[in-house]
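Student: One structure, as structure tokens, below. Some questions next.
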Ligand SMILES: [Cu+2]
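Numbering (this note's numbering), first residue to last: 2 to 167.
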């Protein structure tokens with residue numbers, strides 16, 4: 002009887018390891034929170050700060066929050082937004098509480114002139130074609146590590162949409 006129990010346990014373990022269910026679970030959690038079109042502009046090493054842009058799609062039915070981000074090449078990373086003051090001058094500041102809300106079933110666009118991931122005190126030059134690893138920390142989701150490609154401009158379908166909005 003004991004042998005039979007062990008056998009069943011072993012079988013369960015084997016099924017667990019190769020089960021397509023575990024893969025499906027990963028895929029679903031990835032799809033619930035999708036980070037797309039991650040990029041930043043090329044900057045010489047002398048320029049102290051840089052910015053990264055991306056689209057964050059929350060396909061789940063619950064609100065999510067981007068708490069912070071880490072980039073090895075940056076001394077400090079903050080979530081910023083641009084605003085225009087009474088004199089028409091553009092400013093940027095950290096978002097409220099330093100956190101970015103990602104409402105359920107919505108996509109938040111980080112793009113030039115708006116929200117961005119601010120890289121303060123960068124240690125290297127960013128050259129076209131460079132790939133910069135960005136680790137995103139969420140309130141209710143595992144960390145997501147994405148790769149930002151250094152390029153002159155966003156080269157996605159969103160690019161055209163950006164211009165039509167102006
Ligand atoms: Cu900024």
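Glycine included, every Cβ here is placed at the ideal spot set by N, Cα and C.
#1: Three Cβ pairs or more, each shorter than 8 angstroms: is that satisfied between the region 91-110 and the region 50-62?
#2: Measuring from the CB of residue 138, is there a heavy atom of ligand 1 at a distance below 7 angstroms?
#3: By the three-class DSSP mapping on this structure, what secondary structure does residue 126 have?
#4: So for residue 149, helix, strand or coil by DSSP?
#5: Could you check how far apart the C-beta atoms of residue 142 and residue 70 are, in whole angstroms? I think they sit under 8 angstroms.
#6: Keeping to the same chain, check which residues put their C-beta closer than 8 angstroms to that of residue 26; ignore five residues upstream and five downstream.
#7: Curious, which full-length beta strand (DSSP E) runs of at least 3 residues does the region 23-67 contain?
#8: Under 8 angstroms: do the region 112-124 and the region 62-80 share three or more Cβ pairs, one atom per stretch?
#9: Can you tell me whether DSSP reads residue 105 as helix, strand or coil?
#10: Pick out every residue whose C-beta is nearer than 5 angstroms to a heavy atom of ligand 1: which are they, in chain order?
#11: Would DSSP call residue 70 helix, strand or coil?
#12: Check whether the Cβ atoms of residue 85 and residue 91 lie closer than 8 angstroms to each other.
#13: Closest to residue 131 by C-alpha separation, out of 39, 102, 87, would be which residue?
#14: Since residue 81 and residue 119 are thought to touch, with beta carbons under 8 angstroms apart, how far apart are those beta carbons, to the nearest angstrom?
Tutor: Straight from the coordinates:
#1: With a cut-off of 8 angstroms, the region 50-62 and the region 91-110 count as touching, because enough Cβ pairs lie within range.
#2: Incorrect: residue 138 has no Cβ contact closer than 7 angstroms to ligand 1.
#3: Coil at residue 126, not helix or strand.
#4: Assigned with DSSP and collapsed to three states, residue 149 falls in strand.
#5: Not confirmed; about 13 angstroms, so no contact.
#6: In this predicted model, residue 26 has a pLDDT of only 35, less than 50, meaning its place in the structure is not dependable; the value taken from the coordinates is given anyway. In its chain, beyond the 5 residues on either side, no residue has a beta carbon closer than 8 angstroms to the beta carbon of residue 26.
#7: Restricting attention to beta strand (DSSP E) runs no shorter than 3 residues, the region 23-67 encloses them at 34-41, 51-59, ordered along the chain.
#8: Enough Cβ pairs lie closer than 8 angstroms, so yes.
#9: Assignment of residue 105 by DSSP, reduced to helix, strand and coil, places it in the coil class.
#10: Counting every residue whose Cβ lies closer than 5 angstroms to a heavy atom of ligand 1, we get 81, 93, 119.
#11: Judged by DSSP in its simplified three-state form, residue 70 adopts strand.
#12: Contact: yes.
#13: A check of alpha carbon separations from residue 131 across 39, 102, 87 identifies 39 as the nearest.
#14: That pair is a contact at about 4 angstroms.
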